[in-house]
Amino acid sequence: MKRIISQKKNNISEIDFFDDLILSDRLVFNIEKLIKKNDKNNILIITNRLHSADIAELIEKIRPELRIKLCNILKDSLKPEVLSKLDDTTLDLVIKIIGSDQTAEALEDLDTDEVIEVLDDLDSNTQHELLSKMDKNERILIQESLNFPEYSAGRLMQRDHLSIPTSWSVGNVIDFLRDETNLPSEFYELIIINSVYRPIGIVPLNLILRSQRHIIISEIMEPIRVLINADMDQEEVAYIFQQYDLVSAPVVDTSNKLIGVIMHDDIVDVITEEADDDMLRLARAGEAGINDTFFVVTKNRFIWLLVNLMTAIIASYIIYLFDGTIEQLVALAVLMPIVASMGGNAGTQTLTVTVRAIASKNITYSNAFRFINKEILIALFNGIIFAFIISIGSWLWFSNLDLSIVLFTAMIINMLAAGVSGIIIPLLLHRFGADPALAATVFVTTVTDVIGFFAFLGLAAWALI
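Using the numbering used here, the first residue of the sequence shown is number 858, and each one after it goes up by one.
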């Protein structure tokens, strides 16, 4: 452990600092203390040694009242990469503090995909202002990338790329890499192109270093299995990277000409974002971050809470239809939440598995019927087991064998309904182009509540009253 010591008016303050240079809660706490003391020197010493991602996390983590002070301290030395790591709310604040001129200058030091990531989080007026202050050539490339659909490969790709003709030898490539001064900031593979600038192969850098100089590149290249079109959805791109264990992949336009490259680190971000989005959509909690305002978060959740209220009213109406039955046998009121609750949980389990399988493309036309059959059998098996358990409990509790048989039957019916709806509803939504992660939960919950109450109370009215 090191200690940073600052001398101010004969007072020495010591702040613990760790050799691993990774942001920790303790370091955040210490930096907050430095901000309160306005100790700019030590703050700059610490942040200059932190990774850009940690600086972005630091800005987001500290208390709101100290965030503006920290941004003012860092504004003259802020690393450009920090901008691409901030959430949209914090990014707006940072840009207001450092100004559009410095922001535009910082964006010019970033890769194209990182610039797009920053601009995507800004409103159109701020976008235009920043673009107008950037270098003309950079601006043209950025605007071309912004013209691609949101969440597409064209938004992910870096425009700076390295392509080699098939006729070059390994020696030609090595000499070129040694002499060229305008290489991309990072690359791990060389893209091999034909005479019409279409990518036809990939050669890893380590293979270049291990090959003799006279060998022709086309003899050692690995053929490209899949061409990624600039309009391809980012989820599809992520699937291709996972399927073929890609490190990088060329991106082509509609005529299959090379226009950019996507790196593996961009796909890691996509996979994380898609997983987070799926989780939030399943919970119908919206996409607001922890730094978003009260009203933004409330608005995102309010709509789905309102939809849930409507479906709850439907389920309550089913109970209302059998109010006379419940009055005659109070035990029904005690037991009916169990039927609905078990069905809801079983439906959510099946729904989660199905949505995940759809997202990862594990469900295909060839195995969909087998997948459906398996989930229905699981629902039936679980239904029988838990129906038996709760019916025994009901018999011991109320000493009513007929009531236990009704509960046993209703539980199996609702567990089956949960299994069927949990798989069929998201598959149908996906088939018709809707997002199953966003909409399926409402429908599945409604189905299990309505069928659960109707089966239990309906059977009770028929068999017990």
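For each residue, glycine too, the CB sits at the ideal point set by N, CA and C.
Start-to-end residues for the beta strand (DSSP E) that takes in residue i
{"i": "Pro1107", "result": "1105 to 1109"}
{"i": "Val1060", "result": "1056 to 1061"}
{"i": "Val1118", "result": "1115 to 1120"}
{"i": "Pro1022", "result": "1020 to 1022"}
Nearest-angstrom Cα separation, counted from residue j out to residue i
{"i": "Ser881", "j": "Glu914", "result": "10 Å"}
{"i": "Phe1238", "j": "Ile1262", "result": "17 Å"}
{"i": "Ile1077", "j": "Ile1085", "result": "22 Å"}
{"i": "Ile1128", "j": "Ala1095", "result": "7 Å"}
{"i": "Ile1119", "j": "Gln1100", "result": "15 Å"}
{"i": "Val1027", "j": "Asp968", "result": "27 Å"}
{"i": "Phe1159", "j": "Ala1169", "result": "15 Å"}
{"i": "Lys894", "j": "Val1212", "result": "51 Å"}
{"i": "Ala1291", "j": "Ala1225", "result": "18 Å"}
{"i": "Ile1322", "j": "Gly1309", "result": "19 Å"}
{"i": "Leu1064", "j": "Glu1092", "result": "30 Å"}
{"i": "Ile1220", "j": "Leu1284", "result": "9 Å"}
{"i": "Leu1047", "j": "Pro1041", "result": "11 Å"}
{"i": "Leu931", "j": "Glu1007", "result": "31 Å"}
{"i": "Asp1036", "j": "Val972", "result": "28 Å"}
{"i": "Val1083", "j": "Ile1097", "result": "8 Å"}
{"i": "Ile1215", "j": "Leu1186", "result": "44 Å"}
{"i": "Ser1052", "j": "Pro1022", "result": "8 Å"}
{"i": "Leu976", "j": "Val1210", "result": "35 Å"}
{"i": "Asp873", "j": "Leu935", "result": "For Asp873, the predicted model reports a pLDDT of 49, less than 50, meaning its position is unreliable and no value from the coordinates is stated."}
{"i": "Phe875", "j": "Gly1058", "result": "Because the pLDDT at Phe875 is just 47, under 50, the model does not fix this residue reliably, and the value given afterwards should be weighed accordingly. Each residue's alpha carbon lies about 45 Å from the other."}
{"i": "Ile1246", "j": "Phe1289", "result": "39 Å"}
{"i": "Leu1253", "j": "Leu1264", "result": "13 Å"}
{"i": "Ser870", "j": "Val1030", "result": "Reliability fails at Ser870, whose pLDDT of 45 lies under 50, so the model's placement of it is uncertain and no value is given."}
{"i": "Trp1161", "j": "Leu1286", "result": "17 Å"}
{"i": "Pro1194", "j": "Ala963", "result": "58 Å"}
{"i": "Lys953", "j": "Gln959", "result": "10 Å"}
{"i": "Asp1090", "j": "Tyr1045", "result": "24 Å"}
{"i": "Ile1176", "j": "Trp1319", "result": "15 Å"}
{"i": "Gly1117", "j": "His1071", "result": "28 Å"}
Segment limits, alpha helix (DSSP H) that includes residue i
{"i": "Pro921", "result": "921 to 931"}
{"i": "Ile1072", "result": "First-last for Ile1072: undefined, no H or E at that position."}
{"i": "Ser989", "result": "981 to 989"}
{"i": "Lys1218", "result": "Here Lys1218 belongs to no alpha helix (DSSP H), and DSSP marks it neither H nor E."}
{"i": "Lys893", "result": "882 to 893"}
{"i": "His1287", "result": "1258 to 1288"}
{"i": "Thr957", "result": "According to the sequence provided, residue 957 is Ser. The question's Thr does not apply to it. Note, Ser957: alpha helix (DSSP H), 957 to 964."}
{"i": "Ile1247", "result": "1225 to 1255"}
{"i": "Leu998", "result": "993 to 1003"}
{"i": "Val975", "result": "969 to 977"}
Contact under 9 Å by Cβ, residue i with residue j
{"i": "Ala1275", "j": "Thr1298", "result": "no"}
{"i": "Met1199", "j": "Asn1271", "result": "yes"}
{"i": "Gln1000", "j": "Leu1019", "result": "no"}
{"i": "Asp970", "j": "Asp1123", "result": "yes"}
{"i": "Val939", "j": "Ile900", "result": "no"}
{"i": "Ile1049", "j": "Ser1068", "result": "no"}
{"i": "Val1301", "j": "Thr1205", "result": "yes"}
{"i": "Leu998", "j": "Asp978", "result": "no"}
{"i": "Glu995", "j": "Ser957", "result": "no"}
{"i": "Lys990", "j": "Ala961", "result": "yes"}
{"i": "Ile1269", "j": "Ile1241", "result": "yes"}
{"i": "Ala1236", "j": "Thr1207", "result": "yes"}
{"i": "Lys1282", "j": "Ile1229", "result": "Sequence check: residue 1282 is Ile here, not Lys. No; because the gap between Cβ atoms is not below 9 Å, this pair is not in contact."}
{"i": "Leu884", "j": "Ile925", "result": "no"}
{"i": "Ile879", "j": "Ile919", "result": "no"}
Option in the options with minimal Cα separation from residue i
{"i": "Ala1188", "options": "Leu998, Asp1259, Val1108, Thr969", "result": "Asp1259"}
{"i": "Ala1087", "options": "Ile903, Leu1013, Ile1057", "result": "Leu1013"}
{"i": "Gly1201", "options": "Ser1251, Asp1126, Val1277, Phe1255", "result": "Val1277"}
{"i": "Tyr1174", "options": "Leu1314, Ser1042, Val951", "result": "Leu1314"}
{"i": "Pro1056", "options": "Ala1214, Ser934, Thr1038, Ser1105", "result": "Ser1105"}
{"i": "Val1196", "options": "Lys926, Ala1244, Val1125", "result": "Ala1244"}
{"i": "Asp896", "options": "Lys918, Leu935, Leu927, Glu917", "result": "Leu927"}
{"i": "Leu1323", "options": "Thr1038, Ile1081, Asp1032, Pro1080", "result": "For the chain, the structure presents residues 858 to 1322; residue 1323 sits outside this window and is missing."}
{"i": "Glu917", "options": "Leu943, Ile892, Leu935", "result": "Leu943"}
{"i": "His1121", "options": "Ala1010, Ile1280, Asn1039, Asn1004", "result": "Ala1010"}
{"i": "Glu1079", "options": "Pro1061, Leu1178, Asp1090", "result": "Pro1061"}
{"i": "Ala1203", "options": "Ser981, Met1193, Leu1273", "result": "Leu1273"}
{"i": "Leu1103", "options": "Lys890, Val1125, Leu923", "result": "Val1125"}
{"i": "Lys1231", "options": "Ile1073, Gly1279, Pro937, Glu922", "result": "Gly1279"}
{"i": "Ala1312", "options": "Pro1107, Thr1266, Asn887, Leu1178", "result": "Thr1266"}
Residues that DSSP places opposite residue i in a beta bridge
{"i": "Gln1015", "result": "Val1118"}
{"i": "Pro1080", "result": "Gly1058"}
{"i": "Ile1090", "result": "According to the sequence as given, residue 1090 is Asp; it is not Ile. In DSSP, Asp1090 forms a bridge with Ser1009."}
{"i": "Glu1046", "result": "Pro1061"}
{"i": "Ile1085", "result": "Val1108"}
{"i": "Ser1354", "result": "No information on residue 1354 is available, as it lies outside the stretch 858 to 1322 that the chain covers here."}
{"i": "Ser1026", "result": "Ile1073"}
Neighbour flag for residue i against chain C, beta carbons, 9 Å
{"i": "Thr1221", "result": "The displayed structure is made up of one protein chain only, and chain C is not part of it."}
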